[in-house]
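Comments concern the structure below.
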Amino acid sequence: MAQSNQEETSIGRGDSAADSTSDKIVCTLLRGVVGCEACSYSLHTHAFKHQWCKDVFPVCVSPSILTPLRLLRFLGLSFHQRLFITCPTLVVGIIRFIKHQNRDKNTKMASSFSRILTTRQKIGLLSAVGGSATAGFLLHREHVGAGTPVRRSYPASAEYPDLRKHNNCMASHLTPAIYAKLVDKATPNGYTLDLAIQTGVDNPGHPFIKTVGMVAGDEESYEVFADLLDPVIKERHNGYNPNTMKHPTDLDSSKIHSGNFDPRYVLSSRVRTGRSIRGLSLPPACTRAERREVERVVVDALAGLKDDLAGKYYSLTVMTDAEQQQLIDDHFLFDKPVSPLLTCSGMARDWPDARGIWHNNEKTFLVWVNEEDHTRVISMEKGGNMKRVFERFCNGLKEVERLIQERGWEFMWNEKLGYILTCPSNLGTGLRAGVHVKLPLMSRDPRLSKILDNLRLQKRGTGGVDTAAVGGTYDISNLDRLGLSEVQLVQTVIDGVNYLIECEKRLEKGQDIKVPPPTPQTIQVDTDPSPPHPTNLWAHTCTTPPPPCSVPIDMINIYVTSHFSHYLSHHLPYSMPLYNIIYIYNIYMINQTRITAFFRMLLKGFYMKLKIKRSYKMAANIYEGCTN
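Written out as structure tokens, the structure is:
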């Protein structure tokens, strides 16, 4: 039984998450019930990596188990403390589950269980003894981690970082409540919230330049720490909401038009993006072995490129300092790890082990390995032919992905966030299309910043971030990454740079220039009602004094009071739990009458503004009757 319950569905690197038997028991059995970060389950989403978690899910959500677990977490107890206290209750649920699974099997084991579990007293005694013994065994020092220093555990309020002088997205959205909720969680690779936010804690940021302030350690970070990362993503990406939107991908370079700039103004053009190998931790959290595995997989794949893409890999470990500096000065190679983003987040560990650069013979197609991301794919050349640069970029990127897949690997991607990368600012396309353009007169015009904002462009100095614009030469690139396709972003740069060049020409003639209207956004919105979110047709506000305001036609009828649905529809925009309850109620309304009674009672609690204890207690009684 124990062996069969340890089976896992291989997702990413889930089948190598634990090596020892005791660790597997904790990961697949007890953590699966108490709060397995590898599995995601909620009212509307079930994404299980462990078969055991999937099997005992009905036990997990029972109010008799869920309520004390949430209370113990709220009180600041650690995972191991919660495990020890709740193990007897968990064993009750698991025993019931085993009995239920075997009730139709005429086996000796099933009949034995039936004889043993005849009374509540016997169940309680067995669960108390078995649960305490199991918890004691699993929490023994040799199983928790032999040789690990014992550190005193402090409540989340004592560990909350001081962010009063910080100016980054993380600091704007990390509240004590969110910190307390997430601080004890970890991804399957052991990456924690404190590791994710450390770079933002150590670097308060510039008063006038707002950075992201956090990184991801693996693909699962964006799920485990979604309560913090989702609002950070929404702020950084122009209002993009991962819960309601889908990210489009388009690498058809034939859709680009007017992509050849005036060579008198544009000195060089480049398009770059990042890609991450699924199943391996991202640079902030990867081990030396994982980093070397990334290098091996990528270099092996790149060796299959042919024709104008064929080239060679150069490892930093065998380069001389002079060779490295020359490549850096020529803007081919990434700089040495002096950026706070790299050093404080852990991305600079073991430098330069397993880092390097691959480029074709003409140095127009390059791949960085193990800098900020697993890979950075770059197409670049002198002059202003952005269309040709993007065409090479698309062809090369498609070929690299094909070669990676032929070797049994794939890139991290999902339909909500697009391509997964280390920094949340690079999610989606990860694409930055930029040109070095000479704008000596525009550089002195105070309207330049406003023009760039309206064109959804950003400027950097001649040498990159935090450098001066020598001779009025700027590095102009797209501002957005997520919610728009690669073709859309490159076309935005082309249209915007052409406008800047026209403005420069007008200033040369002594003519005035105008600030263009803001570029309309064409974010792709997910119209699928799943997963639910409170910004839909059910939610509304009064545009006229009541009672003329009426209930939306799509609002379901709860049959509680005459004004009930009307009241709820006004509160949907402000309550995600309320929406979740209505959404599940709507799903089960026809066939599951006892379950709908449970959700109806919760909804009635919202409507009558009852205390949570009273509302939840009545609903729990109905739910218990449904599950027993």
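Residues in the sequence shown are numbered consecutively from 1, following the UniProt record's numbering.
Cβ coordinates follow ideal geometry from the N, Cα and C atoms, glycine included.
Since the model is a prediction, treat every value here as computed from it, not as a measurement.
Nearest-angstrom Cα separation, counted from residue j out to residue i
i, j, result
"histidine 436", "alanine 196", "33 Å"
"tyrosine 160", "glycine 213", "15 Å"
"tryptophan 358", "arginine 164", "43 Å"
"valine 369", "aspartate 512", "46 Å"
"glycine 320", "threonine 364", "The question names glycine, but residue 320 in the sequence shown is threonine. Those two C-alpha atoms are separated by around 22 Å."
"leucine 341", "glycine 408", "31 Å"
"arginine 444", "lysine 509", "16 Å"
"alanine 354", "serine 345", "18 Å"
"glutamate 295", "asparagine 361", "20 Å"
"leucine 449", "lysine 306", "In the sequence on display, residue 449 carries serine and not leucine. Going from the Cα of serine 449 to the Cα of lysine 306 covers about 43 Å."
"phenylalanine 502", "serine 268", "Contrary to the premise, residue 502 reads as glutamate rather than phenylalanine in this sequence. The straight-line gap from Cα to Cα measures roughly 18 Å."
"valine 271", "histidine 166", "32 Å"
"histidine 331", "leucine 397", "20 Å"
"glutamate 235", "serine 153", "33 Å"
"threonine 492", "valine 183", "40 Å"
"residue 658", "isoleucine 476", "As displayed, the chain neither begins before 1 nor continues past 628, which places residue 658 out of reach and without an answer."
"glycine 190", "glutamine 458", "36 Å"
"threonine 249", "leucine 479", "17 Å"
"residue 684", "isoleucine 420", "The chain is shown only over 1 to 628; residue 684 falls outside these bounds and no answer can be derived."
"glutamate 504", "lysine 514", "12 Å"
"valine 367", "tyrosine 313", "9 Å"
"lysine 185", "methionine 380", "42 Å"
"isoleucine 378", "lysine 181", "39 Å"
"valine 224", "leucine 500", "43 Å"
"aspartate 202", "aspartate 162", "10 Å"
"alanine 158", "glycine 311", "54 Å"
"glutamate 155", "alanine 226", "This sequence places proline at residue 155; glutamate is not what is there. Spanning the two alpha carbons is a distance of roughly 22 Å."
"isoleucine 209", "alanine 433", "21 Å"
"glutamate 406", "arginine 288", "24 Å"
"glutamate 290", "isoleucine 494", "38 Å"
8 Å Cβ cutoff, residue i in contact with chain C
i, result
"valine 497", "The displayed structure is made up of one protein chain only, and chain C is not part of it."
Residues near residue i by beta carbon distance below 6 Å, same chain, minus five either side
i, result
"glutamate 410", "Arg278"
"proline 231", "His173"
"glutamate 391", "Ser253"
"isoleucine 404", "Ala301"
"valine 298", "Val369 and Thr375"
"arginine 292", "Ala354"
"valine 266", "Gly384, Val435 and Val437"
"leucine 431", "Thr273, Glu486 and Leu489"
"lysine 255", "Val487"
"lysine 382", "Ser268"
"threonine 211", "Asn168 and Gly205"
"arginine 460", "Asp475"
"glycine 496", "Leu455 and Leu457"
Given residue i as reference, the closest of the options once Cα atoms are compared
i, options, result
"histidine 206", "Asn168, Asp350 and Met319", "Asn168"
"asparagine 498", "Arg264, Phe365 and Asp308", "Arg264"
"serine 425", "His237, Tyr154, Asp335 and Lys185", "His237"
"valine 400", "Lys459, Asp495 and Leu309", "Leu309"
"leucine 333", "Val294, Asp350, Thr187 and Thr375", "Thr375"
"histidine 247", "Thr287, Asp335, Arg291 and Trp413", "Trp413"
"threonine 422", "Lys181, Ala186, Pro204 and Tyr222", "Tyr222"
"glutamate 371", "Asp307, Gly396, Gly418 and Pro284", "Pro284"
"threonine 429", "Lys398, Gly274 and Gly217", "Gly274"
"threonine 199", "Asp329, Met170 and Leu500", "Met170"
"arginine 481", "Tyr240, Asn189, Ala216 and Ile209", "Tyr240"
"leucine 427", "Lys185, Pro188 and Ser276", "Ser276"
"arginine 447", "Leu507, Asp495 and Ile378", "Leu507"
"arginine 402", "Ala303, Val201 and Phe225", "Ala303"
Proximal residues to residue i (C-beta, below 8 Å), its chain only, five neighbours per side dropped
i, result
"cysteine 394", "Leu251, Asp252, Ser253 and Glu486"
"lysine 337", "One point to set straight first is that residue 337 is proline, not lysine, in the sequence displayed. Around proline 337: Thr343, Met347, Ala348 and Trp351."
"leucine 193", "Tyr179, Leu182, Val183, Lys185, Phe225 and Leu228"
Same chain, Cβ closer than 7 Å to residue i, five either side skipped, listed in chain order
i, result
"glycine 472", "Lys438, Leu439, Pro440 and Ser443"
"threonine 317", "Pro352 and Asp353"
"serine 315", "Gly356"
"aspartate 218", "Thr187, Asn189, Tyr191, Ser281, Leu282 and Ala285"
"lysine 242", "According to the sequence shown, residue 242 is proline rather than lysine. So the list reads Asp230, Ile233, Lys416 and Leu417, once near-sequence residues are dropped."
"isoleucine 328", "Asp335"
Item to complete: Examine the Cβ distances between the stretch 385-393 and the stretch 258-274 and report whether three or more of them are shorter than 8 Å.
Response: Enough Cβ pairs lie closer than 8 Å, so yes.
Discussion item. Would you call the stretch 513-520 in contact with the stretch 436-454, where contact means no fewer than 3 C-beta pairs closer than 8 Å?
Written reply: yes
Worksheet entry | Uninterrupted beta strand (DSSP E) stretches inside the stretch 238-293 (no shorter than 3 residues) | 266-275
Worksheet item: Is it true that the stretch 170-189 meets the stretch 324-339, where meeting means three or more beta-carbon pairs spaced less than 8 Å apart?
Response: no
Worksheet entry | Runs of alpha helix (DSSP H) lying entirely within the UniProt domain "Phosphagen kinase N-terminal" (151-238), each at least 4 residues, in chain order | Entirely contained in the UniProt domain "Phosphagen kinase N-terminal" (151-238), the alpha helix (DSSP H) runs reaching 4 residues are, in chain order, 156-159, 169-173, 176-182, 193-202, 221-224 and 226-236.
Worksheet item: In the stretch 284-350, which residue ranges form an unbroken alpha helix (DSSP H) of at least 4 residues, counting only runs that do not cross its ends?
Response: 288-302, 321-329 and 340-345
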